[in-house]
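Structure first, commentary second.
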Amino acid sequence: MIEINQARAAQELRHVHPNRPKQPTHYYYAIDVLRFLAALSVVGFHYAYVNQVADFQLVWPLTWFGWVGVEIFFVISGFVIANSANGSSPLQFLKGRALRLLPAPWLCATITFALLAPNAEILPYLRSLVLLPKGPWISPVYWTLAVEIVFYAVIFIVLFINRFQYINRLALLLTMGSGMYMVAAGFQDWYISDHMNVLLLRHGCFFATGIWLWLSTTRQLSTWEYLTALIAIAACITEICLRGAEFLPREMLTYHSIAAPVATWLAAVLCIAITGHAHLSIPPRMATVVRHLGLITYPLYLVHDEIGRRAIRALTMIGIDKWLSLALALLMVIVLSWLVSAYWEPAVRRAFNSASERLMTRRAAPAP
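FYI, the numbering for the sequence shown is 1 to 368, going by the numbering used here.
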């Protein structure tokens, strides 16, 4: 029965064909807003909870669970990458991901390296430039990119072997592997190492949830797919609870406190689900603003930690109020991120595309 459903599901992914040019994919503007809000939550966590420079205890009830923005990022990636990979060739997908991911760290990691000099180490800097899955990196926040890179590699392999029409099997594998691991980790209180991150054992359920959400926009999910999606969500909630235990002292960790990150994450998942089915249109001017919000999210995530926290320290040391220092640091990293996304990244992509076109023209030219 499952094999019959698999065949039917493959037929219903009508846009996927090995010899068909890439189909235009729908753009989900609300996801850009959600991505930006998730980035701000991570910034708030780093600036106003784990920051040792100034005491922001007043907002701890709101900022202590800002880390859940990362878990939201992973669901968004599962949704968006499945959507963009649909109808792509392996080369198209690889080129698209490289042009999206690499230009920003080339500049952001360099700025961070210069800021940390002369104490900065060259190897973490080089790892950050090429986004190696194995750290340490120039900034601790790069660990999430290692997880993303592994997920992209899995999608590339699926495209390379021409099996994207069976992406539900990948979602099933991610759900079951991550789900079993998270249950075992919850009962055994295992130490979850970086190796488990790179193997997608800890975060695979989030990518799987994103894939299930995307699949639900292309066709009706079968019964087993719905059940597996629910298992993925349950595994995600387990991971969030375990993550919460890492950041709250045991005496403060209650069902009431852990409900905040769980509810925030579930609200984000609901937003993605509604966005995927609503296909809302917005005025062109607003669409441009929203698009820019989405584009600055990536460099904002890369530069905010080391640069922003040092800005808060420097401002408070010269006597500026801690809250004003926090606001100025946030404004500074947002402006810097906008400059990176509006000028640096497009320039690098244009240079790469121009070089690629010249190379293709040279190869196509007849021999003398």
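Backbone N, C-alpha and C fix where the C-beta goes; we use that ideal spot for every residue, glycine too.
Residue of the options minimising C-alpha distance to residue i
| i | options | result |
| --- | --- | --- |
| Arg-350 | Gly-96, Phe-79 and Gly-78 | Gly-96 |
| Ile-211 | His-279, Leu-34, Gly-78 and Asn-197 | Gly-78 |
| Leu-99 | Trp-67, Ala-347 and His-292 | Ala-347 |
| Val-59 | Tyr-49, Leu-115 and Asn-83 | Tyr-49 |
| Val-147 | Val-183, Phe-74 and Phe-164 | Phe-74 |
| Leu-170 | Pro-133, Thr-228 and Gly-135 | Thr-228 |
| Ala-120 | Val-150, Val-130, Leu-132 and Trp-137 | Trp-137 |
| Ala-234 | Pro-283, Leu-215, Ala-245 and Met-182 | Met-182 |
| Leu-129 | Ala-104, Ile-155 and Ala-153 | Ala-104 |
| Leu-174 | Thr-144, Glu-225, Lys-134 and Arg-219 | Glu-225 |
| Ala-117 | Asp-321, Glu-306, Ser-356 and Ser-354 | Glu-306 |
| Ser-84 | Leu-315, Leu-328 and Ile-167 | Ile-167 |
| Cys-241 | Ala-263, Gln-220 and Thr-223 | Ala-263 |
| Thr-316 | Val-53, Leu-331, Ile-81 and Val-290 | Val-53 |
| Glu-301 | Ile-31, Asp-32 and Phe-36 | One detail in the question is off: residue 301 reads as Tyr in this sequence, not Glu. It is Phe-36. |
| Ile-111 | Leu-101, Pro-133, Thr-361 and Val-333 | Val-333 |
| Tyr-152 | Thr-238, Gly-135 and Ala-82 | Ala-82 |
| Thr-223 | Ile-258, Met-180, Val-198 and Leu-172 | Leu-172 |
| Lys-134 | Ala-329, Asn-197, Leu-328 and Asn-162 | Asn-197 |
| Glu-345 | Glu-239, Leu-101 and Ile-161 | Leu-101 |
| Trp-338 | Gly-44, Leu-107 and Gln-57 | Leu-107 |
| Ile-76 | Ala-273, Leu-221 and Phe-56 | Ala-273 |
| Cys-236 | Val-80, Leu-126, Leu-221 and Val-269 | Val-269 |
| Ala-185 | Gln-220, Gly-44 and Glu-239 | Glu-239 |
| Val-335 | Phe-352, His-292 and Asn-353 | His-292 |
| Phe-247 | Thr-63, Met-180, Arg-285 and Asp-55 | Thr-63 |
| Trp-143 | Trp-67, Val-80 and Gln-57 | Trp-67 |
| Leu-34 | Ile-122, Arg-127, Val-80 and Arg-285 | Val-80 |
Beta-carbon proximity check, residue i vs residue j, cutoff 7 Å
| i | j | result |
| --- | --- | --- |
| Asn-51 | Arg-310 | no |
| Phe-65 | Ala-260 | yes |
| Ala-232 | Cys-271 | no |
| Thr-217 | Gly-276 | yes |
| Val-141 | Leu-200 | no |
| Ala-287 | Tyr-29 | yes |
| Ile-72 | Ala-38 | yes |
| Gly-69 | Ser-88 | no |
| Ile-282 | Ser-341 | no |
| Leu-159 | Phe-207 | no |
| Val-290 | Asp-32 | yes |
| Leu-330 | Ile-312 | no |
| Pro-90 | Phe-156 | yes |
| Thr-115 | Leu-131 | The sequence given here places Leu at residue 115; Thr does not occur at that position. Result no, Cβ atoms of Leu-115 and Leu-131 do not sit closer than 7 Å. |
Contact test: residue i Cβ vs the ligand MN heavy atom, cutoff 6 Å
| i | result |
| --- | --- |
| Ile-149 | Among the ligands in the structure shown, none appear at all, so the ligand MN cannot be discussed. |
Neighbour-count burial assignment, residue i, 16 or more Cβ in a 10 Å radius
| i | result |
| --- | --- |
| Pro-299 | buried |
| Trp-323 | exposed |
| Ile-2 | Its pLDDT being 41, under 50, Ile-2 is placed unreliably in this model, and the coordinates cannot settle the point. |
| Arg-202 | buried |
| His-279 | exposed |
| His-46 | buried |
| His-26 | exposed |
| Tyr-343 | exposed |
| Leu-359 | exposed |
| Ser-178 | buried |
| Leu-213 | buried |
| Pro-124 | buried |
| Asn-86 | buried |
| Ala-314 | exposed |
| Ser-356 | exposed |
| Ile-318 | exposed |
| Ser-139 | buried |
| Arg-285 | exposed |
| Leu-215 | buried |
| Thr-426 | Summary: the structure shown does not reach residue 426, with the chain confined to residues 1 through 368, and so no result is reported for it. |
| Ile-122 | exposed |
| Ile-161 | exposed |
Chain C contact for residue i (CB, 7 Å cutoff)
| i | result |
| --- | --- |
| Val-141 | Included in the structure is just one protein chain, with no chain C present. |
Restricting to runs no shorter than 4 residues, where is the alpha helix (DSSP H) found entirely within the segment 231-292? Fully enclosed alpha helix (DSSP H) runs of 4 or longer: 255-278.
Suppose only complete runs of 4+ residues qualify. What are the alpha helix (DSSP H) ranges in the segment 324-365, listed by chain order? Complete alpha helix (DSSP H) runs here, min 4: 345-364.
Whole runs of the beta strand (DSSP E) within the segment 128-200, excluding any shorter than 3 residues: Segments of the beta strand (DSSP E) lying fully in the segment 128-200: there are none.
Identify every run of the alpha helix (DSSP H) within the segment 75-105, keeping only runs that are complete inside it and at least 4 residues long; order them along the chain. Complete alpha helix (DSSP H) runs here, min 4: 90-101.
What residue ranges within the segment 19-58 form continuous alpha helix (DSSP H) runs of no fewer than 4 residues, ordered along the chain? Listed in chain order, they are 29-48.
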